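Colleague: Using this note's numbering, the letters of the sequence shown correspond one by one to residues 1 to 919. We treat Cβ as the ideally placed atom computed from N, Cα and C, and that holds for glycine. What you are looking at is a predicted structure, and each value in this text was computed from that prediction instead of being measured. One structure follows; several queries about it will come next.
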Amino acid sequence: MKLSGNNKHNTTSREYTKKTLSVLLAGAMVFGGAGAVFADGASAVAASLAAPVSVAATGAFSDVKTGFWAEKHIYKLAAQGIIVGNNGKFRPGDPVTQQEAVLMALRFMKLENKAAGSSVATALPTGFDVSNYYKPYVVLAFQQNVLDKATEMAADNLKTSWGTRKATREWIAKLLIRGIGKTSDAQSVASEPSGFADDAKISADKRGYINAAIDLGLTNGLSGNIFNPQGEVTRAQLATFFSRAEAQSPVVYDNTASGIVTEVKDGKIALYSGAASTVYSLSSGTAYFTSTADTAISLNDIKPYTKVTIIGKNGAASYVELTDPKPQVETIQGTFARLSPSANKLWLKNADGYPEYAFDSGTAFVDAGGSAIAASSISEDSLITITRETFTGQNKVLKVQVTSGIVNKTVSGTLGSIDLTAKTITFKNASGAEETFKWSDSALFSYQKAILSPSELKAGSAVNYTIKNNLIASVEVTQAIERTVQGMLTELTDASVVYKKADGTRGVQLLAPSASIVIPGYDKPAAADLIADSVYGDTVELTLNGSDQVTKITVVNRRMEQQFGASVASFNAKTNLLTVMGSDNQAHVYQLDASTKLTNASGSVPTLSSMAGMLTENRKVNISALGQRALSLEIVSKYEGTLASVNTSTQMFALKTADGRSLSLPYPPVIEIFGRTGLTINDVPAGSAVTAFLSASQDVLTSLKVKTSQQFQLAYVDAANNKLGVKAAAGNLDIYTLGLPLTDETGQTIKLGDLKAGDYVNVSSLGSSPLSIQSVKLTTGQVTAINAAAGSLSVKDYSGAVLTFGAGGGFKIIRDNAGSGALGSLSVSERAEVRKDADGTVIIRVLPVQSRSFSSYDAASGRIVVKRDTIDDENYRFILAPNVYIHQGDTTLSVQSLKENDKITVYFNNNFVVEIAKQ
């Protein structure tokens with residue numbers, strides 16, 4: 001290796017590389033498939049090995065999930081036929097034996113077929129044990145110097161079966177370096193230290209190969225600056241090692257081609273590879289990656305004229321790798337002179353003359369925005385940009401774009417931004433490019449048959465637009481997005497809304513199904529709460545969808561008069577005239593009729609005749625009216641609002657209503673809060689939402705009920721009897737759920753049977769009566785990011801999803817039953833259970849953790865046994881949760897794969913093991 005002009009191996013350089021390279025194989029070297037695919041002697045398996053099956057890329061192996069760290073390398077080698085699976089699985093976490101690794105090396109070197117039919121009866125000495133199927137391959141590996149005969153056949157290396165021995169990291173390093181013909185590189189650095197903390201554990205004859213693998217960028221160390229030379233290599237790690245080694249190998253694979261993308265269209269990709277173009281079909285199984293990263297990309301990231309490598313068979317691409325995203329083109333700018341359609345030539349003009357450029361039927365002619373134009377429409381002296389390819393040697397003109405000139409066209413696109421002051425509109429044309437034009441004073445804007453003003457245009461709408469002499473002549477909205485109109489509501493039916501516009505004209509819009517209604521101060525407004533009147537109608541904002549249907553009605557102003565707590569002076573049952581004394585100490589007269597909405601003290605709706613007997617002198621009522629016409633009349637039975645203050649001297653408290661009124665009320669005899677008893681007014685915090693209930697005579701309070709939303713853990717669920725119990729400070733509380741809304745965090749209805757003991761729920765109540773129950777989502781997993789300044793953290797759950805929690809309501813961290821609000825007390829990589837409390841506080845419960853040595857697994861009891869820390873240690877048997885996550889790095893393991901004395905980290909949730917991380 002030459003560094004700085006000499007041949008001395010640079011240890012410092014290797015250490016720098018080792019520390020700065022991304023972890024190429026998530027903690028180990030890698031080579032290719034193994035496991036049951038290599039079963040000894042089985043004819044079916046042998047056949048599959050002799051003729052590897054080419055597999056589709058994405059989803060070919062059911063146990064290689066999208067986003068798996070080695071996904072790219074597994075699918076790349078599978079597409080090349082270097083690795084195969086078994087029954088649709090790859091088993092990425094299984095260890096690889098030495099004989100399996102040899103077969104992979106020969107496949108990688110395209111030497112596998114040389115071993116077919118060879119005689120090996122006397123080729124291997126006695127004591128050198130290799131399974132029958134693998135013997136021809138091992139013999140060939142010795143013949144090709146892939147294996148070092150002196151080392152491998154040494155007596156002290158044959159104490160156990162050579163072939164079925166698990167391949168170690170250092171052994172694989174040597175096999176790979178010899179396989180790619182870099183033995184001389186290894187020999188030149190054999191005496192140099194590796195720079196790893198466990199360098200002393202590296203076998204002397206392997207150190208040079210490990211150094212060479214690092215220098216070639218094929219591998220890296222583990223966390224803690226160790227190499228773990230005797231560590232086992234998994235199938236996923238082996239695949240990654242081989243995949244990265246291809247850059248150092250001279251082998252060319254028959255189904256692999258590299259070149260320039262000339263077209264991506266209609267589910268096909270065309271590749272120019274030096275002589276001609278090859279067209280490959282694409283499918284949902286095609287995988288897309290870059291050469292510089294291991295995460296997948298999409299087909300949209302593969303742009304024309306970029307460099308790629310394609311692996312495919314029978315004209316179908318199974319793997320596409322972007323190797324250089326820079327388009328292989330050049331651009332020439334100049335002033336257009338003229339064009340000859342018959343000769344397929346155009347000329348620019350400059351100080352030196354008229355340079356000529358030939359084009360063909362494939363050349364695209366576009367305007368400044370990227371929209372197609374006729375070549376003949378380019379006017380003299382327009383500024384144009386010519387794009388030519390640089391990869392065929394012919395410098396063919398690919399595109400001619402007018403960058404400045406007179407524009408006349410009618411095209412389709414999407415509205416971008418509208419500047420009413422500058423009178424400009426930015427469009428995004430069909431090719432995705434943006435272009436901006438001014439509109440002329442005579443410009444026409446329309447949607448269906450309606451004429452629009454520029455202010456009514458909405459960004460994102462699909463349009464046809466006409467440009468004449470560089471000015472917008474017309475814009476026709478062909479598919480609108482939401483827009484709004486305002487007016488006074490005059491009529492409302494089940495199908496339509498009629499309103500008066502600001503200019504006095506009449507507007508009519510159809511109602512969309514399930515249109516929403518928003519009225520300030522109303523919790524759940526309905527159509528009946530809207531006021532439609534030719535004189536006093538609500539001023540509303542109508543939200544219209546792309547089909548011009550009303551999806552939302554928002555009241556922005558209303559002329560309705562309201563009287564709260566007015567005292568009845570008199571009621572004339574014959575004329576239905578009601579006289580009240582308002583809060584202004586003035587008399588007000590209202591006309592009741594059959595359309596007046598009536599509500600009595602019990603909350604029911606009486607008739608006007610039955611209501612008459614309740615309208616006695618001094619009876620307190622709430623009235624809504626338009627002029628003198630009463631829209632609604634309610635007998636006051638309660639006051640709703642928030643507790644503002646308590647005066648212990650006068651034994652009065654202040655209640656502030658939603659409309660801003662302040663009421664002074666006497667202490668109530670009864671205080672109700674869900675889950676609590678024996679309360680006084682002093683137990684109600686200021687600012688609490690409360691409802692004060694009146695007696696029938698309206699002169700005293702009967703009770704004060706506090707509205708609460710509290711979080712509880714479920715003690716039990718009795719779905720058969722519509723009953724559940726929650727854990728409270730004073731013990732379990734029983735809740736009968738019949739008639740109560742049950743929802744999840746998103747508001748979707750759930751069944752009582754969907755809940756179980758141990759779950760958390762938010763219970764909304766009025767006083768002692770539950771009103772609704774909402775389940776609480778629990779997220780359990782690894783803390784992956786903490787931003788104390790921004791007040792956020794991210795957690796990766798056991799399905800691999802990453803969820804981010806913000807501190808809108810603050811944080812509460814619980815560790816060993818002690819609480820803290822400091823997000824900085826958490827550490828990345830800790831495991832935690834995260835949920836949101838009823839008040840929005842993010843509660844983070846850090847999971848207990850132990851580092852132990854594995855002993856055994858008891859399948860009957862579903863528990864693991866670990867080595868005791870001391871002779872008196874009784875805490876060494878742990879029950880596994882049903883969905884326990886067992887892994888090494890990002891590779892999922894089975895509990896059966898754990899071996900005695902394996903170092904493991906165990907995480908617990910409510911005394912169950914939820915995660916085991918093998919070290």
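1. Output needed for residue 815: all residues of its chain with C-beta closer than 6 Å, excluding positions within five of it in sequence on either side, in chain order.
2. For residue 562, name the three-state secondary structure that DSSP assigns.
3. Among the residues of its own chain, which have a CB less than 7 Å from the CB of residue 595, if the five just before and after it don't count?
4. Relative to the alpha-carbon of residue 735, which residue among 773, 705, 760, 632 has its alpha-carbon at the smallest distance?
5. So, do the region 63-83 and the region 314-330 have three or more beta carbon pairs nearer to each other than 8 Å?
6. Determine, using beta-carbon pairs with one atom in the region 580-589 and one in the region 535-542, whether at least three such pairs fall under 8 Å.
7. In this structure, does DSSP put residue 147 in helix, strand or coil?
8. Is the distance from the Cβ of residue 209 to the Cβ of residue 247 below 7 Å?
9. Which parts of the region 708-767 are runs of the beta strand (DSSP E), unbroken and 3 residues or longer, counting only runs that do not cross its ends?
10. Just list the alpha helix (DSSP H) runs in the region 143-204, keeping only unbroken ones of 4 residues or longer that don't cross its boundaries, in chain order.
11. If you draw a straight line from the alpha carbon of residue 635 to that of residue 767, how long is it in whole angstroms?
12. Which two residues bound the contiguous alpha helix (DSSP H) that contains residue 238?
13. Identify the residues that DSSP records as bridge partners of residue 671: which are they?
14. According to DSSP, simplified to helix, strand and coil, what is residue 140?
15. Is the CB-CB distance between residue 689 and residue 642 below 7 Å?
16. Just the C-alpha distance for residue 288 and residue 308, rounded to the nearest angstrom, thanks.
17. Give the straight-line distance between the Cα atoms of residue 356 and residue 300, rounded to the nearest whole angstrom.
18. Just reading off the beta strand (DSSP E) that residue 317 is part of, what are its end residues?
19. Is there contact here, the region 893-913 with the region 850-869, by at least three beta-carbon pairs under 8 Å?
20. Mind checking which residues open and close the beta strand (DSSP E) that includes residue 652?
21. Do residue 837 and residue 844 have their CB atoms nearer than 7 Å?
22. Less than 7 Å between the C-beta atoms of residue 564 and residue 600, yes or no?
23. Is the beta carbon of residue 856 less than 7 Å from the beta carbon of residue 867?
24. Put residue 824 into one of helix, strand or coil per three-state DSSP.
25. With DSSP as the reference, please indicate the residues paired to residue 258 in a beta bridge.
26. Would you identify the three-state DSSP class for residue 858, choosing helix, strand or coil?
27. Are the beta-carbon atoms belonging to residue 236 and residue 92 less than 7 Å from one another?
28. From the DSSP output, in three-state form, read off residue 581 for me.
29. So if DSSP puts residue 557 in a beta bridge, which residue, or which two residues, is it bridged to?
30. In whole angstroms, what is the alpha-carbon distance linking residue 381 and residue 405?
31. Can you tell me whether residue 913 is helix, strand or coil according to DSSP?
32. So, with DSSP's three-state summary, where would you put residue 427?
33. Would residue 339 and residue 375 qualify as a contact pair, given that the criterion is a beta-carbon distance under 7 Å?
34. Judging by CA-CA distance, which residue of 887, 96, 84 is the nearest neighbour of residue 798?
35. So, are the CB atoms of residue 234 and residue 164 less than 7 Å apart?
36. Assign residue 109 to one of three DSSP states: helix, strand, or coil.
Modeller: Answer, in terms of the structure:
1. Here residue 815 is taken as the residue at index 815 of the sequence shown, counted from 1. Closer than 6 Å at the Cβ level, and outside the excluded window around residue 815, lie 846.
2. Looking up residue 562 in the sequence shown gives position 562. Residue 562 falls in the strand class under three-state DSSP.
3. Residue numbering aside, residue 595 sits at position 595 when the sequence shown is read from its first letter. Cβ within range, chain order: n/a, list empty.
4. Against the sequence shown, residue 735 aligns to sequence position 735. For the residues 773, 705, 760, 632, the minimum Cα distance to residue 735 belongs to 773.
5. yes
6. no
7. Mapped onto the sequence shown, residue 147 falls at position 147. In this structure, residue 147 counts as coil in the three-state DSSP scheme.
8. As a working mapping, residue 209 is identified with position 209 in the sequence shown. As a working mapping, residue 247 is identified with position 247 in the sequence shown. The answer is no: Cβ separation not under 7 Å.
9. 723-728, 731-736, 760-766
10. 149-152, 169-179, 183-188
11. Working through the sequence shown from its first residue, we reach residue 635 at position 635. Working through the sequence shown from its first residue, we reach residue 767 at position 767. Distance between the alpha carbons of residue 635 and residue 767 is about 22 Å.
12. Here residue 238 corresponds to residue number 238 of the sequence shown, with the count starting at 1. Its alpha helix (DSSP H) spans residues 235-245.
13. Counted from its first residue, the sequence shown places residue 671 at position 671. In the DSSP output, where bridge partners are listed per residue, residue 671 has 704.
14. Numbered from its first residue, the sequence shown carries residue 140 at position 140. Reduced to three states, the DSSP call for residue 140 is helix.
15. Position 689 of the sequence shown holds residue 689. Position 642 of the sequence shown holds residue 642. Yes, these two residues count as a Cβ contact at 7 Å.
16. Position 288 of the sequence shown, counted from the first residue, corresponds to residue 288. Position 308 of the sequence shown, counted from the first residue, corresponds to residue 308. Between residue 288 and residue 308, the C-alpha separation is close to 10 Å.
17. Reading the sequence shown from its first residue, position 356 is the one you call residue 356. Reading the sequence shown from its first residue, position 300 is the one you call residue 300. Approximately 35 Å, taken between the alpha carbons.
18. Taking the sequence shown and counting its residues from 1, the one referred to as residue 317 is at position 317. Start and end: 316-324.
19. yes
20. Locating residue 652 in the sequence shown gives position 652, counting from the first residue. Run containing residue 652: 652-656, per the beta strand (DSSP E) assignment.
21. For the purposes of this step, residue 837 is identified with residue 837 of the sequence shown, where counting begins at 1. For the purposes of this step, residue 844 is identified with residue 844 of the sequence shown, where counting begins at 1. No, these two residues do not count as a Cβ contact at 7 Å.
22. By one-based count along the sequence shown, residue 564 stands at place 564. By one-based count along the sequence shown, residue 600 stands at place 600. No; because the gap between Cβ atoms is not below 7 Å, this pair is not in contact.
23. Stepping through the sequence shown from its first residue, residue 856 is reached at position 856. Stepping through the sequence shown from its first residue, residue 867 is reached at position 867. For residue 856 and residue 867, no; Cβs fall outside 7 Å.
24. Taking the sequence shown and counting its residues from 1, the one referred to as residue 824 is at position 824. Of the three classes helix, strand and coil, the one that applies to residue 824 here is helix, per DSSP.
25. Here residue 258 is taken as the residue at index 258 of the sequence shown, counted from 1. According to DSSP, which records beta bridges pairwise, residue 258 is partnered with 309.
26. Locating residue 858 in the sequence shown gives position 858, where the first residue counts as 1. Of the three classes helix, strand and coil, the one that applies to residue 858 here is strand, per DSSP.
27. Position 236 of the sequence shown, counting from 1, holds the residue named residue 236. Position 92 of the sequence shown, counting from 1, holds the residue named residue 92. Contact flag set, yes.
28. Numbered from its first residue, the sequence shown carries residue 581 at position 581. Residue 581: strand per DSSP, three-state reduction.
29. Along the sequence shown, read from residue 1 onward, the residue named residue 557 stands at position 557. Its beta-bridge partners are 539.
30. Mapped onto the sequence shown, residue 381 falls at position 381. Mapped onto the sequence shown, residue 405 falls at position 405. Each residue's Cα considered, the two are about 8 Å apart.
31. Taking the sequence shown and counting its residues from 1, the one referred to as residue 913 is at position 913. In the structure shown, residue 913 sits in a strand (DSSP, three-state: E or B).
32. The residue you call residue 427 lines up with position 427 of the sequence shown. Residue 427: strand per DSSP, three-state reduction.
33. As a working mapping, residue 339 is identified with position 339 in the sequence shown. As a working mapping, residue 375 is identified with position 375 in the sequence shown. Their beta carbons are under 7 Å apart, which means residue 339 touches residue 375 by this criterion.
34. Numbered from 1 along the sequence shown, position 798 holds the residue referred to as residue 798. Considering only alpha carbons, the answer is 887.
35. For the purposes of this step, residue 234 is taken as residue 234 along the sequence shown, with counting starting at 1. For the purposes of this step, residue 164 is taken as residue 164 along the sequence shown, with counting starting at 1. No, these two residues do not count as a Cβ contact at 7 Å.
36. Position 109 of the sequence shown, counted from the start, is the residue given in the question as residue 109. In this structure, residue 109 counts as coil in the three-state DSSP scheme.
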